[in-house]
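The opening residue of the sequence shown carries number 124 in my numbering; numbering runs sequentially from there.
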Amino acid sequence: MAGNTRQRPRTCVACREESFRRALIRVVRSPGGVVLLDERGKLPGRGAYLCARRECIERARKTGALSRALKAELPADLFERLEKYVDSGGAGYDGVRIRRELRSLLGLSRRSGTLHIGTDSVKSQCAKSPLLILTAADCSESVGAIAERRTGDAKHEHLRLPLSVEELSAALGAVNVQAIALPERNGLADRIKMLLKEGGIALEQNESVRTSQDTGQEQ
Ligand SMILES: [Zn+2]
Numbered sequence: 124m125a126g127n128t129r130q131r132p133r134t135c136v137a138c139r140e141e142s143f144r145r146a147l148i149r150v151v152r153s154p155g156g157v158v159l160l161d162e163r164g165k166l167p168g169r170g171a172y173l174c175a176r177r178e179c180i181e182r183a184r185k186t187g188a189l190s191r192a193l194k195a196e197l198p199a200d201l202f203e204r205l206e207k208y209v210d211s212g213g214a215g216y217d218g219v220r221i222r223r224e225l226r227s228l229l230g231l232s233r234r235s236g237t238l239h240i241g242t243d244s245v246k247s248q249c250a251k252s253p254l255l256i257l258t259a260a261d262c263s264e265s266v267g268a269i270a271e272r273r274t275g276d277a278k279h280e281h282l283r284l285p286l287s288v289e290e291l292s293a294a295l296g297a298v299n300v301q302a303i304a305l306p307e308r309n310g311l312a313d314r315i316k317m318l319l320k321e322g323g324i325a326l327e328q329n330e331s332v333r334t335s336q337d338t339g340q341e342q
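(1) Suppose contacts are defined by Cβ-Cβ distances below 8 Å. Is Val245 in contact with Ala302 by that definition?
(2) Identify every residue that forms a DSSP beta bridge with Ser142.
(3) Would you give the residue range spanned by the beta strand (DSSP E) that Cys174 belongs to?
(4) Give me the Cα-Cα distance between Asp161 and His239, rounded to the nearest whole angstrom.
(5) Identify every residue that forms a DSSP beta bridge with Val151.
(6) Which residues mark the beginning and the end of the alpha helix (DSSP H) in which Arg273 is found?
(7) Under the three-state reduction of DSSP, which class applies to Glu280: helix, strand or coil?
(8) Taking contact to mean at least 3 C-beta pairs separated by less than 8 Å, is the region 194 to 209 in contact with the region 258 to 270?
(9) Per DSSP, what kind of secondary structure is Glu327 in: helix, strand or coil?
(10) Just curious, the beta strand (DSSP E) that Ala302 is in, first and last residue?
(11) Examine ligand 1 and report whether any of its heavy atoms sits within less than 7 Å of the Cβ of Cys138.
(12) Should Leu311 be listed as close to ligand 1, given that the test is whether its C-beta is under 7 Å from any heavy atom?
(13) Taking C-alpha atoms, which residue in Ser287, Glu224, Glu289, Lys251 lies nearest to Arg273?
(14) So, are the CB atoms of Ile180 and Glu206 less than 8 Å apart?
(15) Per DSSP, which one or two residues make a beta bridge with Leu257?
(16) May I have the straight-line CA-CA distance separating Arg233 from Glu271, to the nearest angstrom?
(17) Where are the alpha helix (DSSP H) runs, 4 residues long or more, that stay fully inside the region 226 to 256, in chain order?
(18) Start and end of the alpha helix (DSSP H) containing Ala192?
(19) Leaving aside the five residues before and after Gly156 along the sequence, list all residues of the same chain whose C-beta is less than 7 Å from its C-beta, in chain order.
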């Protein structure tokens, strides 16, 4: 249960299809019994997932699947809020605009020749200069651990991207990219950090993203 949390696919309670966490909405029943939309997928409590599409939200409403999965009564306006969230492209973590701008900044970094692509390249560069290390949302546990270890002496900074390995690879025209890095003192690094902060993502900085507090529904 403790291993590979990031890579584990989650099941939508409405359509029962598996998907990676990024494409899903997490709804959580807090330890106090309140059911909330968990935009960043980090709130403690019992979680359940829905595909980020109207079809599944509607189905969950009709079948009561979400309420059953959370073993809780849902707030009256929850489904309305979920629909709004999906229609807006996900205002927080999964924001469409932020992800698009991020891909374009990463493309710029690559063309400027300042970007180190791939875990090995990041590791060898770490000894030389302070880096902003960026990992894919669904990078392997070992790559995430490497990035976190490198930030242990506070010389480097590590942020997790709201992009999957597949999306990150596509943005860079490469294959299976789990981690990248660019010099910490660099205009593009600053812009990427600002963009992630805007999306509420920089709050995850140097923080473990494991969801050990999650229970039942997600195993
Ligand atoms: Zn679904």
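Idealized CB from N, CA, C, for every residue including glycine.
Bear in mind the structure is a predicted one, so any value in this text is a computation, not a measurement.
Per the coordinate set shown:
(1) yes
(2) Arg133
(3) 169 to 174
(4) 33 Å
(5) Leu159, Gly170
(6) 264 to 273
(7) strand
(8) no
(9) Caution is warranted here: a pLDDT of 36 is assigned to Glu327, below 50, making its placement in the model unreliable, and the coordinate value is therefore given only provisionally. Helix at Glu327.
(10) 302 to 306
(11) yes
(12) no
(13) Lys251
(14) yes
(15) Leu282, Ile303
(16) 23 Å
(17) 242 to 249
(18) 188 to 193
(19) Ala195
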